[in-house]
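Residue numbers (our numbering), protein chains in the order written: chain A, 5 to 756; chain B, 5 to 756.
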């Protein structure tokens with residue numbers, strides 16, 4: 005830089021610094037004057053913050069070196085105009101922060117010029133030409149993305165508020181921000197007034213720009229919703245979710261805080277969506293804390309937002325990947341930008357928990373505000389403590405009485421973990437799946453038994469513009485796509501969200517500590533005349549190299565029925581202990597509907613020996629499942645991929661145990677991770693299960709007793725009380741003239 | 005440890021130290037007295053060596069804390085007795101080194117006691133009960149593994165030679181080592197006298213124990229082979245390889261050095277097998293260098309072993325994984341113990357190349373001898389230089405006149421790479437595949453277009469005891485399993501090794517430097533009456549984010565034929581530019597034999613527009629292939645997995661361009677890696693190809709001219725001379741009344 009320019013910049017910097025000091029509460033949305041001063045005073049003392057600042061400067065400077073582009077909206081997500089406008093919002097938000105921290109005017113000019121382009125375009129902009137959403141946006145194909153833009157852009161506007169002339173502000177507010185906020189709210193009540201992550205974004209967007217503009221009407225709208233009733237009763241969104249369920253009495257941000265979470269912070273759509281929603285929740289909450297301290301929003305509902313942040317962090321596997329419950333895309337993790345923000349903000353506002361620092365360390369970045377600065381500073385001080393992902397049961401529903409999910413974790417050595425996620429939650433709105441009492445299983449390498457997640461490629465234009473694919477309904481939501489029982493080839497609640505929304509399973513009991521951990525739940529409504537009861541036991545035992553999982557699934561029906569229990573084991577089948585007939589030259593589908601039409605039937609076997617054993621290999625590890633089966637049970641190997649004309653599905657394998665013509669069925673399996681193989685060393689360690697046999701000693705409405713033994717002859721007996729979950733109750737049962745007694749709903753007893 | 009024991013140990017240590025000094029040339033096989041002294045004197049000065057030493061002590065001590073087990077042989081590889089005896093050889097070898105370096109007698113005692121157990125068992129041991137090999141072993145199911153045992157164990161014996169009493173040595177040599185060496189040689193001439201990696205192990209085993217025992221007869225046998233002729237003419241091993249090809253005039257270790265490698269160090273079976281064979285090659289060579297310096301073995305045949313080590317390192321992808329040419333198991337890399345040894349030894353004996361240090365750094369370990377010590381020491385000095393994997397053409401055959409493989413590499417940014425491996429080699433003996441002019445393609449994430457490798461799970465008992473599966477012959481060896489042309493659904497050489505062994509393709513020309521790199525080869529014998537000619541061009545160009553690959557495959561037949569060119573693209577298909585009909589409810593096989601019986605036909609399409617475009621996603625990256633096609637060409641999506649009754653195959657996808665009823669065919673495709681997607685950020689960068697169109701401007705026996713353009717309208721024309729590879733020759737061709745001139749066999753010309 006030439007010297008005279010340098011001087012000019014310093015001079016401008018001084019004026020700007022003065023402006024900032026004189027400003028009336030700008031910035032005060034996410035950044036605050038005080039926070040910015042604190043950061044400036046300590047640059048160089050928090051290396052991670054400095055690194056992020058330098059990277060952001062490099063990124064924004066590179067982008068600013070190209071021309072500003074504000075194209076006429078045209079494309080779906082993944083397409084050019086979509087991605088361009090998305091990039092614009094990120095760049096404006098970052099440039100705003102850089103303007104505040106570095107005092108360099110170029111960032112303010114960049115934002116101003118881009119906003120003026122938007123203000124030029126917006127007044128004449130019709131709704132987006134795609135017109136494919138229940139709430140089509142203007143800049144994007146859905147209002148949701150328009151709201152995203154405003155949540156970020158309101159921060160940029162706040163950052164340069166004092167830089168702009170009054171005329172510029174008036175112009176931007178009149179031609180861009182106010183009509184933009186009106187379009188998202190009064191213009192789209194079916195979008196704005198829901199209890200849904202979409203509306204949270206809408207509420208936050210309208211509220212945040214309202215706070216910057218000091219527009220009380222917009223802020224009230226954001227907090228309490230529109231006074232109008234949303235249009236037709238029972239209208240549904242693109243995903244089949246109800247726009248306004250019967251029970252919904254209120255709307256707006258406070259209503260979202262009341263009704264989106266269970267009392268312990270579980271978000272009914274699942275962690276993938278909570279990850280998405282947490283951003284507007286926390287950003288608007290922080291904005292309100294800065295501007296409307298009287299609301300005391302951060303402690304609202306017993307600090308529900310703090311609970312939500314921790315619920316996010318606990319719903320991850322050992323590597324921080326979210327459990328892909330409901331319509332979730334896999335691969336999303338606590339490294340997402342929303343969680344980075346959530347961790348930093350929780351650290352600042354909720355007690356500086358040192359465990360959060362270790363998550364931030366793994367994230368390897370912080371947000372460029374006072375919260376991120378505190379995290380970076382305390383990381384540099386060495387204050388981090390390891391993140392303990394604990395066994396925990398979450399309730400679902402605003403009152404915590406609509407089922408939930410249970411997470412069990414156990415480890416036999418540092419670095420390994422077996423983690424069970426059992427789902428007995430409510431439907432989870434439009435993105436919910438029909439998989440009551442399903443489970444997924446993880447270890448330190450990732451998925452052992454997968455949840456399919458969504459049939460969707462987010463923001464990948466090639467796959468339906470990034471939207472949910474038709475196979476999301478025909479496959480991913482169906483019960484057979486999950487590790488749960490399917491009766492008569494019909495999904496739970498008949499695969500009908502209107503039925504699903506009315507019901508939920510119930511937790512029977514949860515025991516989440518010690519070497520024997522249990523979660524047990526029942527569903528009376530997944531099938532109209534039957535009951536499902538699943539008990540899953542995670543056992544850490546000296547005789548097994550890794551924890552093992554015992555799965556006991558009991559079902560009853562009003563009439564003779566067919567029961568299918570699939571496991572979506574991840575990996576390559578190595579061995580079975582039973583013979584099977586493979587389809588060699590022709591494959592046919594396993595069924596006609598409810599997801600079965602997507603399954604190829606690859607092989608069917610049977611066994612007389614009482615136990616079906618499958619052994620597979622995945623990610624360098626050996627796994628086994630030993631199941632108690634009857635001679636007439638069909639042992640089916642299936643593979644996903646039929647009726648998939650556009651190659652939208654993953655061609656994954658499944659193993660299905662099928663029991664036919666029964667009023668009652670019990671399925672018992674033990675899953676064991678037991679060995680490893682390294683292709684460089686070519687040595688197989690412990691390739692076989694250590695379990696020899698598992699059997700059902702007793703099963704009736706009151707009690708189930710399971711026995712299994714390892715190859716060394718050690719025997720374990722699992723006693724389960726099916727009707728009384730009391731910890732105090734004692735139980736007695738006689739089996740083969742021997743009397744057993746135990747206390748509480750379960751007992752695992754070992755003998756030699 | 006109690007103090008008086010400590011004193012006793014120190015006392016023993018002194019005695020042993022004395023013993024070592026007095027010893028007559030022991031150790032002198034791999035370790036030498038001088039080398040051991042040098043290591044001892046410098047402990048603490050080479051941190052990596054110290055780390056490996058500490059780890060080895062911990063490992064061997066833990067093993068020594070359990071009882072010595074020398075079970076009666078019974079199992080196939082992967083089974084208990086196999087893995088136990090394998091562990092024993094590793095433990096003995098390591099304990100021998102520890103005894104030398106630490107002077108602790110317990111290690112010598114451990115080896116002695118284990119050897120005495122073997123000496124007790126061996127005299128009465130029949131051949132292994134499995135009896136499934138052309139050369140069944142005694143301790144293991146094949147002589148090969150018995151030879152492994154002796155290569156390692158002879159080192160352990162050398163290390164404790166002076167520790168043993170003369171009577172103990174006599175007993176071990178009489179009851180164990182001499183009969184063991186005889187069994188591997190005179191007892192199994194069909195194993196010992198081949199030119200094959202099996203025999204290299206056999207030669208080294210017999211030679212190394214001979215050197216320790218100072219048994220000149222065994223050493224001569226190892227060097228020059230048996231004087232006997234191996235049994236029946238045309239006998240073949242389990243893999244179909246000839247025991248003694250017609251041309252073989254000699255046997256033994258020197259013959260292996262002469263005939264196993266091409267003059268530039270390429271090993272005809274491919275790098276996976278070279279990795280395996282390099283161990284006995286180098287270990288016996290080092291033993292000979294220490295004991296028979298007059299042979300000057302390390303410089304034998306213009307330092308062929310040095311060339312072999314570098315050939316290994318150059319036949320790897322960006323991450324050091326070997327190209328899975330022929331019957332190779334994937335996942336094997338330069339981190340294999342054999343390569344660790346090879347790198348250290350090459351560093352010590354072949355000029356201390358600092359590039360080898362960076363490989364050793366990635367390996368993260370060294371061998372516990374003087375070579376490993378030197379590497380660790382020089383790493384600590386910071387002498388390492390980055391490993392440059394370069395573009396290189398290797399010849400095949402002892403005289404370098406039997407085709408070869410061509411490797412092209414180019415990169416547009418640090419960290420990325422596009423690496424083409426084109427195979428025009430000889431058959432590669434019993435483990436060779438019928439894939440003349442095939443290719444595989446890699447980038448920094450791994451496979452883009454895969455070579456299937458072997459249908460085998462090495463040392464995994466569940467899959468046929470770790471042996472080659474029947475699908476190895478019916479699938480992995482067949483041409484359609486590879487990225488090469490198949491005429492009339494018949495594999496090259498009719499899938500018959502006896503034909504394949506007689507022929508090879510020929511390199512036409514290779515140009516391995518600069519932005520436009522080319523490898524071109526022809527095969528006149530893959531099909532009896534036709535000729536195949538493939539030219540592959542790797543282009544690095546400012547207009548493409550990554551290098552692109554141009555594939556031009558020309559074929560002629562004597563009669564009208566069907567031509568199938570498959571690409572085994574790795575990943576999930578996202579988009580095509582043509583319509584196709586998918587099989588929705590029934591799948592059938594694509595053919596009846598030569599591998600086609602293993603393919604499900606999933607979809608078939610056609611296009612009128614002259615170009616077939618496929619776009620896919622793998623490992624976070626987007627890839628595309630644009631092919632010039634005719635309206636009548638069938639565009640087939642197939643998937644592996646039919647006729648696979650034991651789930652032995654991977655269910656991978658393929659795309660096949662099929663041309664029918666022609667005497668000549670030309671296939672032209674451009675493959676481009678172009679974008680990336682991160683599931684955490686959910687942003688797709690450059691998801692589509694930048695290529696708009698590719699077409700064949702001209703094609704006859706003399707010249708082929710290809711033209712393609714990107715979406716920005718830039719046009720490239722590729723001129724190829726099909727009959728004259730001379731760099732000096734000039735060529736003229738008239739196309740559409742325009743005359744083009746160029747010099748040399750290829751020219752890529754760009755215009756706007």
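Positions of the beta carbon are idealized from the N, C-alpha and C atoms, including for glycine. Bear in mind the structure is a predicted one, so any value in this text is a computation, not a measurement.
Taking all protein chains in view, the Cβ of residue 667(B) is surrounded by fewer than 16 other Cβ atoms within 10 Å, so the residue is classified as exposed. Put simply, the backbone Cα of residue 455(A) is about 49 Å away from that of residue 102(B). As for any alpha helix (DSSP H) of minimum length 4 sitting wholly inside the segment 309 to 370 of chain A, the runs are 341 to 353, 358 to 367, ordered along the chain. Residue 162(B): member of the alpha helix (DSSP H) spanning 147 to 164, first to last residue. Taking 8 Å as the CB threshold, residue 687(B) lines the interface with chain A.
Of the other Cβ atoms in all chains shown, fewer than 16 fall within 10 Å of the Cβ of residue 59(B); this residue is therefore exposed.
Bridge partners of residue 664(A) according to DSSP: none are assigned. If you check the CB distance, residue 539(A) and residue 724(A) come in under 8 Å. The C-beta of residue 579(B) comes closer than 8 Å to at least one C-beta of chain A. At a cut-off of 4 residues, the continuous stretches assigned as alpha helix (DSSP H) that sit fully inside the segment 19 to 103 of chain A are 37 to 45, 51 to 68. Just so you know, the alpha carbons of residue 568(B) and residue 69(A) end up roughly 49 Å apart. For residue 501(A) against residue 434(A), the beta-carbon gap comes to about 7 Å, under 8 Å, which counts as contact. In the DSSP assignment, the residues bridged to residue 524(B) are 513(B), 539(B). About 14 Å separates the beta carbons of residue 415(A) and residue 391(A), which is beyond the 8 Å limit, so they are not a contact pair. Membership of residue 564(B) in the beta strand (DSSP E) is indicated by the continuous run 552 to 571. By the 16-neighbour rule on beta-carbons within 10 angstroms, residue 460(A) is buried.
When C-alpha distances from residue 729(B) are compared across 566(B), 498(B), 525(B), 89(B), the shortest belongs to 525(B). Between residue 112(A) and residue 323(A), the alpha-carbon positions lie close to 39 Å from each other. Nearest neighbour of residue 694(B) by Cα position, chosen from 675(B), 700(B), 158(B), turns out to be 675(B).
Per DSSP, the beta bridge partners of residue 604(B) are 593(B), 643(B). Taken atom to atom, the span from the alpha-carbon of residue 166(A) to that of residue 30(A) is near 7 Å. By the criterion of at least three beta-carbon pairs nearer than 8 Å, the segment 622 to 634 of chain B is in contact with the segment 684 to 701 of chain B. For the options 116(A), 90(A), 180(A), the alpha carbon positioned closest to that of residue 129(A) is the one of 180(A). For the pair of segments examined, the segment 141 to 160 of chain B was found to touch the segment 83 to 95 of chain B: the number of CB pairs separated by less than 8 Å reaches three.
Closest in C-alpha terms to residue 441(B), from the list 612(B), 452(B), 511(B), comes 511(B).
Bridge partners of residue 425(A) according to DSSP: 411(A), 444(A). Two segments are said to touch when three or more pairs of C-beta atoms, one from each, lie closer than 8 Å; by this definition the segment 378 to 390 of chain A does not touch the segment 404 to 421 of chain A.
Put simply, the backbone Cα of residue 319(A) is about 16 Å away from that of residue 366(A).
At a cut-off of 8 Å, the C-beta of residue 212(A) has no neighbouring C-beta in chain B. Rounded to whole angstroms, the separation of the alpha carbons of residue 264(A) and residue 36(A) is 29 Å. For residue 334(B) against residue 457(B), the beta-carbon gap comes to about 5 Å, under 8 Å, which counts as contact. Here residue 670(A) is actually not in contact with residue 637(A); their C-beta atoms are around 11 Å apart, not less than 8 Å. Under the three-pair Cβ rule at 8 Å, the segment 121 to 128 of chain A counts as touching the segment 173 to 189 of chain A. Within the model, the alpha-carbon separation for residue 298(A) versus residue 596(A) is close to 59 Å.
By the C-beta density criterion, residue 740(B) is exposed, having fewer than 16 other C-beta atoms within 10 angstroms. Counting along the chain, the unbroken alpha helix (DSSP H) around residue 501(B) starts and ends at 501 to 504.
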